[in-house]
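Enquirer: Have a look at this one.
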Amino acid sequence: MLTATILQDDFEAIVAPPTTLKSHELLRVEPDGIEIHATDKSREAIVEVSASEAAFNSYSAEPMETGINLSQVAQFLNIVGETDLIQIEINAEQSWITLTAGSLTYTFSLVGSNTVPIVFTPLDADQPAMATLPSRKLDVPIELADIAGSQIRLRVDSNPTTFSGTTNNMRDAFNFEFGAADVERVQGSAVGQPVSLDYFAPIQRVIPADTLMRWELGNREHVRLQYPIANGTGTVTATFAGIGV
66 MLTATILQDD FEAIVAPPTT LKSHELLRVE PDGIEIHATD KSREAIVEVS
116 ASEAAFNSYS AEPMETGINL SQVAQFLNIV GETDLIQIEI NAEQSWITLT
166 AGSLTYTFSL VGSNTVPIVF TPLDADQPAM ATLPSRKLDV PIELADIAGS
216 QIRLRVDSNP TTFSGTTNNM RDAFNFEFGA ADVERVQGSA VGQPVSLDYF
266 APIQRVIPAD TLMRWELGNR EHVRLQYPIA NGTGTVTATF AGIGV
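Numbering (our numbering), first residue to last: 66 to 310.
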């Protein structure tokens, strides 16, 4: 069981990243917070969201695990418009979730946890290279990269300090590069595996503009993106399989 209230903006920040993938989601509830795991049907991307009890205005929960279709939650949040608080009630035994916003109440069924694929686990160890920069810096470059090609190869250099990306298909090419004035921090150097813009571009669109993003990449590993939500009481981690990995 879960009974909680949460600010709409914080709830949207939790729900939006997993719904960028074509997948049902796995919801784990603990007395001190929640975790959401989504694996794309292509088996090339994972989005994980964690939110502590502090992310909620009120929170009461017993341990449980269930599948959930967060696209239904996202549609509800989009339709109800702006409101202060969302009330959440989940009963895994009876397999339903109820959302309440003001005088509006929406109840829908949960899905079986066995319908949610967990294909590869994001790396536990840090990647060889890391860069952090505000999300807004990448909004335009990633939109243009998405027009120019289907993949992007990211690069981190510590000498000189740069974070860059390149697309290159048969007819179109696009490159962006940020130097020390734009990048908050760089560690190590690596030319990452190309990653699919089918996953990268949608999640870039839902990251708040002033959010500081942490990128981790290596030459032969997955590319990992991480950023905070709900005033630092939650975290989003997106892992994209390098193409050819």
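By construction, the Cβ of each residue, glycine as well, lies at the ideal position given by its N, Cα and C atoms. All of these numbers come straight from a predicted model, not from anything done at the bench.
Give the C-beta separation of Ala266 and Asp211 to the nearest angstrom, bearing in mind that I take them to be a contact with Cβ-Cβ under 8 angstroms.
Expert: The Cβ separation is near 4 angstroms, so the contact holds.
Enquirer: CA-CA distance, Val310 and Glu286?
Expert: The predicted position of Val310 is uncertain, since its pLDDT is 48 and thus under 50; no value can be drawn from it.
Enquirer: Grab the span of the alpha helix (DSSP H) containing Asp75 for me, first residue to last.
Expert: Here the alpha helix (DSSP H) through Asp75 covers Gln73 to Val80.
Enquirer: Only counting runs of 4 or more residues, tell me where the alpha helix (DSSP H) segments fall wholly within the region 261–308, in order along the chain.
Expert: Counting only runs of 4 or more, we get 262–271.
Enquirer: For the beta strand (DSSP E) that Asn240 lies in, which residues bound it at each end?
Expert: Taken as a continuous stretch (DSSP letters only), the beta strand (DSSP E) holding Asn240 covers Ala238 to Phe243.
Enquirer: For Val176 versus Ala126, is the C-beta distance shorter than 8 angstroms?
Expert: Their beta carbons are not under 8 angstroms apart, which means Val176 does not touch Ala126 by this criterion.
Enquirer: From Phe76 to Thr170, what does the alpha carbon distance come to, in whole angstroms?
Expert: Going by the C-alpha atoms only, they are around 16 angstroms apart.
Enquirer: Expressed to the nearest angstrom, what Euclidean distance is found between the alpha-carbon atoms of Leu198 and Met278?
Expert: Approximately 6 angstroms, taken between the alpha carbons.
Enquirer: Express the C-alpha separation of Asn156 and Leu188 in angstroms, rounding to a whole number.
Expert: Residue confidence for Leu188 is low, a pLDDT of 49 falling below 50, so the modelled location carries little weight and cannot support an answer.
Enquirer: Is it buried or exposed for Ile144, if we count other Cβ within 10 angstroms and need 16 for buried?
Expert: The residue is exposed, with fewer than 16 neighbouring Cβ atoms inside 10 Å.
Enquirer: Specify the secondary structure class of Val94 as computed by DSSP and reduced to three states.
Expert: If DSSP states are grouped into helix, strand and coil, Val94 belongs with the strands.
Enquirer: Across which residues does DSSP place Ala157 in a beta bridge pair?
Expert: Note: Ala157 sits in no beta bridge, so no partner.
Enquirer: In the DSSP assignment, the beta strand (DSSP E) including Gln252 goes from what residue to what residue?
Expert: Taken as a continuous stretch (DSSP letters only), the beta strand (DSSP E) holding Gln252 covers Arg250 to Gln252.
Enquirer: By DSSP, does Pro199 sit in helix, in strand, or in coil?
Expert: It is a strand residue.
Enquirer: If you compare alpha carbons, which of Asn296, Ala295, Leu282 and Gly297 is closest to Tyr303?
Expert: The question names Tyr, but residue 303 in the sequence shown is Ala. With distances taken between Cα atoms, Ala303 lies closest to Leu282.
Enquirer: For Ala103, which residues of its own chain have a beta-carbon under 6 angstroms away from its beta-carbon, when the five flanking residues on both sides are left out?
Expert: Taken in chain order, the residues that qualify are Pro83, Leu86, Ser88, Glu90 and Val112.
Enquirer: What's the gap between the Cα of Val271 and the Cα of Leu290?
Expert: Whole-angstrom Cα-Cα distance: 13 angstroms.
Enquirer: Could you tell me which uninterrupted alpha helix (DSSP H) segments, each at least 4 residues in length, are contained entirely in the region 103–146, listed from first to last along the chain?
Expert: As far as the region 103–146 is concerned, its whole alpha helix (DSSP H) runs of at least 4 residues are 135–145.
Enquirer: Run through DSSP, which three-state label would Leu188 get?
Expert: Low confidence applies here, because Leu188 scores a pLDDT of 49, under 50, leaving its location unreliable; read the following figure in that light. Here Leu188 sits in coil by DSSP.
Enquirer: In the DSSP output, which residue or residues are listed as bridge partners for Glu208?
Expert: In DSSP, Glu208 forms no bridge with anything.
Enquirer: Put Pro193 into one of helix, strand or coil per three-state DSSP.
Expert: Coil at Pro193, not helix or strand.
Enquirer: Which residues mark the beginning and the end of the beta strand (DSSP E) in which Gly167 is found?
Expert: That residue, Gly167, is in no beta strand (DSSP E); it is neither H nor E in DSSP.
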